[in-house]
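Asks:
In our numbering, the protein residues as written are 365 to 755.
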C-alpha cells in the first residue's frame, strides 16, 4: 500500500509469535493451465462462497501474505497466511523486463531481495522517478525473469522484524502464475477455492514504460479461471483508470479502489490533470462515481477513524456509512500488532517493537462496520474477529 511507504510508517516486529507454527511449502508444479468455469478450480471444486458477499465478516485479508511472520510476498508468506486464519491473501504485481508479472510490493527490490549483494548486478543500480518520487536501487523492470529468479527474497525491515530474517534466502520472488498454481494446488487439498486480492502497482508508470499490467493480468486470470464475477478474486488499485481498464478487458472480478490520505491524488489523476483528491472521492458524490467501476474501497485506516496530534483516535468519520449507502464494501489497511503502528490509545509499554493491545484496536475498528481488514498478523485478526462476532 502506498501509505505505508512514508517515513515513520514502517512496520515493527519482535514478538516470539514470529516463529509461530504454520507449514510452508515450496509451491511447485501443477498441471498445465486450463481455463475453468467461474467459481470452480481446475480440479472442478465448486468452492465455498464464490461471491465476495459470502465471505466471513469482517473478512481477514493476509497483507502481503503472513508478512508479520515471513518475508513478504513469498510462497512461504502466502502459505503462512492460508494456514493461520486469512480468508483472502493479497498479492501486489509488477512486471519484469520481459513482461512477466511478479509479486513484489514495489518494483524497487533493493530491500526485499539480496540484489545489493550480487556483484553481477551492481551496474543495474539506478535512480528512477516513480509516481513523482525518486527512488535509488534495483528495479524489476530492469531484469528478465530468468535473472530475477537468481535472486533470493529477504525480510524488508530486518531491524524491526528480526525473527523474519531466519527465512532470508529461503524463497525466490514468485511470479503471479506460480501463485495462481499454488492457490489451485491448495484449493484441491482443501476442497475449496482460495481467495486472492491482487493489486496492480503503479499502472500508469508501467504503461508508459511499455509494460502495461492490465492486459497481462487479464490473460493470466482467464487462464486460471479467475476472471469472472464469482472467481474468488478481488482486484485492487490506487488508480481508478487501472480498474476501469480491467473492466473494459472483460474482467468481471469484484474491484476495490485503494485510497490514500485525504490530500493525495491517484497518480493517473495527476497525469490527466484531474484535480480531484481522495477527499473528493470519499464524498457521497465521489463514492457514487466509484460505483461505476468498483464494488468496494480500500481506505487507509485513518480515513475511518482519524488520529489527533498525539496519535490518539478521534471520532469515526461517516465514510463507512456513506460507502455502504452507495453499495460499496470497505477493506481498509493495515492492522499490525506492534506498538509503533497502533494508535497511541492501544500501545503498551515503551518498546516500539513490542505488541500492544491489538485486540482492543481491532474491536474499535470492527465496531465501525467495516467489511474486512488487511493485516500483517492474520492469526491475531482472525481471533479478534471471533471475539467481535461473539460479542
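Idealized CB from N, CA, C, for every residue including glycine.
Going by alpha carbons, who is nearest to residue 514 out of 504, 649, 638, 715?
Replies: As a position in the chain shown, residue 514 is number 150, starting the count at 1. Distance check between residue 514 and each of 504, 649, 638, 715 places 504 closest, using alpha-carbon atoms only.
Asks: Which two residues bound the contiguous beta strand (DSSP E) that contains residue 458?
Replies: Reading the chain shown from its first residue, position 94 is the one you call residue 458. Residue 458 -> beta strand (DSSP E) spans 452-459.
Asks: DSSP beta-bridge partners for residue 664?
Replies: Within the chain shown, residue 664 is the residue found at index 300, counting from 1. Answer by DSSP bridge pairing, in chain order: 697.
Asks: Please state whether the Cβ-Cβ distance between residue 490 and residue 509 is less than 8 Å.
Replies: Taking the chain shown and counting its residues from 1, one reaches residue 490 at position 126. Taking the chain shown and counting its residues from 1, one reaches residue 509 at position 145. No.
Asks: Helix, strand or coil for residue 546, going by three-state DSSP, please let me know.
Replies: One-based indexing of the chain shown puts residue 546 at position 182. Reduced to three states, the DSSP call for residue 546 is helix.
Asks: For residue 475, which residues of its own chain have a beta-carbon under 7 Å away from its beta-carbon, when the five flanking residues on both sides are left out?
Replies: Counting from 1 along the chain shown, the entry for residue 475 is found at position 111. Cβ neighbours of residue 475 beyond the five flanking positions: 520.
Asks: Whole alpha helix (DSSP H) runs in the region 436-501 with 4 or more residues, listed along the chain?
Replies: Whole alpha helix (DSSP H) segments, 4+ residues: 439-447.
Asks: Extract the residue ranges of the alpha helix (DSSP H) inside the region 539-589, only unbroken runs of 4 or more that lie entirely within it.
Replies: 540-554, 567-572, 577-587
Asks: Would you identify the three-state DSSP class for residue 619, choosing helix, strand or coil?
Replies: The residue labelled residue 619 in the question sits at position 255 within the chain shown. Residue 619 carries a strand assignment under DSSP once its states are collapsed to helix, strand and coil.
Asks: Give the DSSP-derived three-state secondary structure of residue 410 in the structure shown.
Replies: Stepping through the chain shown from its first residue, residue 410 is reached at position 46. In this prediction, residue 410 scores a pLDDT of 37, lower than 50, which makes its location untrustworthy; the coordinate-derived value is nonetheless stated afterwards. Residue state, collapsed to three classes: coil.
Asks: Check this for me: beta carbons of residue 660 and residue 692, under 8 Å apart or not?
Replies: Within the chain shown, residue 660 is the residue found at index 296, counting from 1. Within the chain shown, residue 692 is the residue found at index 328, counting from 1. Yes, the pair counts as a contact, with Cβ atoms nearer than the cut-off.
Asks: Starting from residue 719, follow its DSSP beta bridges and name the residues at the other end.
Replies: Start at 1 with the first residue of the chain shown, and residue 719 comes out as number 355. Answer is 702, bridged to residue 719.
Asks: Tell me whether residue 525 sits in a helix, a strand or coil according to DSSP, three-state version.
Replies: The residue labelled residue 525 in the question sits at position 161 within the chain shown. Looking at residue 525 - three-state DSSP - the assignment turns out to be strand.
Asks: Enumerate in chain order the residues of its own chain whose CB-to-CB distance from residue 710 is below 6 Å, with the five nearest sequence positions on each side excluded.
Replies: Within the chain shown, the letter at position 346 stands for residue 710. Excluding residues within five positions, the ones whose Cβ falls inside 6 Å are 720, 721, 724, 725.
Asks: Would you mind giving the Cβ-Cβ distance between residue 596 and residue 562, rounded to the nearest angstrom? I have them listed as a contact below 8 Å.
Replies: As a position in the chain shown, residue 596 is number 232, starting the count at 1. As a position in the chain shown, residue 562 is number 198, starting the count at 1. The Cβ separation is near 11 Å, so there is no contact.
Asks: Which class does residue 533 belong to by DSSP, given the choice of helix, strand or coil?
Replies: As a working mapping, residue 533 is identified with position 169 in the chain shown. Three-state result, residue 533: coil.
Asks: Taking the alpha-carbon positions, what's the residue 702 to residue 524 distance?
Replies: Translated into the one-based positions of the chain shown, residue 702 becomes position 338. Translated into the one-based positions of the chain shown, residue 524 becomes position 160. One C-alpha to the other measures close to 10 Å.
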